[in-house]
Amino acid sequence: MQQIKPLRVSINQHNTIELSPGVEHLHELLEQLSIDTSHVAVAVNNHIINQDMWLLHVLKDNDQISVFGAIAGG
Amino acid sequence: MGDLTLSAKQYVRYSRQIMLTDWGEAGQLRLSQSKVLIVGCGGLGNGAASYLAGAGVGHLVLVDDDEVALSNLPRQLAFDEDSLENAKAFALANRLREQNPQIKVEPHVQRFGADNSASLLRGCDLVIDCSDNFATRYLLNARCVESNIALLSGSVIGWQGQLLLVDPQQPEAGCYQCLFSAADDKSGSCASMGVSGPVVGMVSSLQANQALRYLLALPSALGQSLCLVDGASLNQQLLTRRRRSDCPACQPSTRGTSHATN
């Protein structure tokens, strides 16, 4: 039986990683990356995915993920 | 506005921007009739206000309850050692009046809050968020949405900047709170994390440029996106935004419910 190749995504234009087994949705990727999600926003392919959609958003091969924190300095 | 014309001196003063084809004399008159609230007179407020005053925006309202400190001077270029311990709003207003005596500058040594928000927002065409804390950012966002006033939000930390426009004409793009639902000041401030002065200058310049384009009714991608500015890599990234369906700040029922604009 042919083994299914894991999906690969890039994080913040630098690191490319393989999704762990069972990781299909955006919220699972954030768990895989151990990201504290309380202050962050996430974009997939330059479209921001609001936090209420992280459970539903299905990742694809070669997705470009941007994760960044809120900043308040002025 | 129809009967207004520019004086000969104003025409010369603003000639290099009037000659832009999508600016023109009509655009300059439009700016002279515009009122902008700038919340925060630190690094972003210094830069944004100086460009708007220079460009001839007719009425600038400055709000900040803080005083000039020595650690501000590397990036808050309207201040010098003689400004130390003076109220930032007054010190910036004095500088802007010297820069352009033809405009009205209205400083308030106050923190933007629930008690003064309605009076500060009254009659404004645009609000620029140059504040340094999340409580002010969330309150300003909510009040602008309620008042149907556009909000141009900028922020900086380290080598990074962020910029977005919450435009009442583009409700589908959502608001500041759709993007960051529950940030707090543990996320970092310039005092705790440090900041590069020129990055503050970059973001405040972009704020001023987008503010002028908004006041001139020129197209801007910022109403539907968030701009990330990276002063280390020189990357600039535009990310499209959408309204969060359960955002408490910009439910259709809250939009335009305040009468601060009247």
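These protein sequences, in sequence, are chains S and R. Residue numbering for the first sequence follows this note's numbering, beginning at 778 and increasing consecutively. Residue numbering for the second sequence follows this note's numbering, beginning at 355 and increasing consecutively. Where a beta carbon is used, it is the ideal one built from N, C-alpha and C, also for glycine.
Residue 448(R) and residue 488(R) have their C-alpha atoms some 28 Å from each other. The three-state reading of DSSP puts residue 488(R) in helix, counting H, G and I together. Taking a Cβ-Cβ threshold of 8 Å, none of the residues of chain R is close to residue 792(S); the smallest such distance is about 14 Å.
Considering only beta carbons, the part of the segment 808–829 of chain S lying closer than 7 Å to chain R consists of 815, 816, 818, 820, 823, 824, 825, 827, 828, 829, in chain order. In the structure shown, residue 532(R) adopts helical secondary structure according to DSSP, grouped into three states.
Note that the C-beta distance between residue 437(R) and residue 445(R) is below 8 Å. With at least 16 other beta carbons inside 10 angstroms of its own, residue 492(R) counts as buried.
Rounded to the nearest whole angstrom, the CA to CA distance from residue 791(S) to residue 819(S) is 15 Å. Under a criterion of Cβ atoms nearer than 7 Å, the residues of chain S adjacent to residue 514(R) are, in order, 848. Of the other Cβ atoms in all chains shown, 16 or more fall within 10 Å of the Cβ of residue 827(S); this residue is therefore buried.
Taking a beta-carbon distance threshold of 8 Å, residue 799(S) does not count as an interface residue toward chain R. Contact fails between the segment 357–369 of chain R and the segment 412–422 of chain R, because fewer than three Cβ pairs, one in each stretch, are under 8 Å apart.
In chain order, 582, 591, 593 make up the part of chain R whose C-beta sits under 8 Å from the C-beta of residue 843(S). When secondary structure is reduced to three states using DSSP, residue 433(R) falls in the coil class, being assigned neither helix nor strand. Interface flag for residue 532(R) against chain S is set, since a Cβ pair is found closer than 8 Å.
Residue burial annotation: residue 785(S) is exposed, with fewer than 16 other C-beta atoms found within 10 angstroms of its C-beta. Counting only Cβ-Cβ distances below 7 Å, residue 486(R) has contacts in chain S at 849, 850, 851, in chain order. For the 8 Å CB-CB criterion, residue 515(R) and residue 454(R) do not form a contact. Taking 8 Å as the threshold, the shortest C-beta distance from residue 475(R) to chain S does not fall below it.
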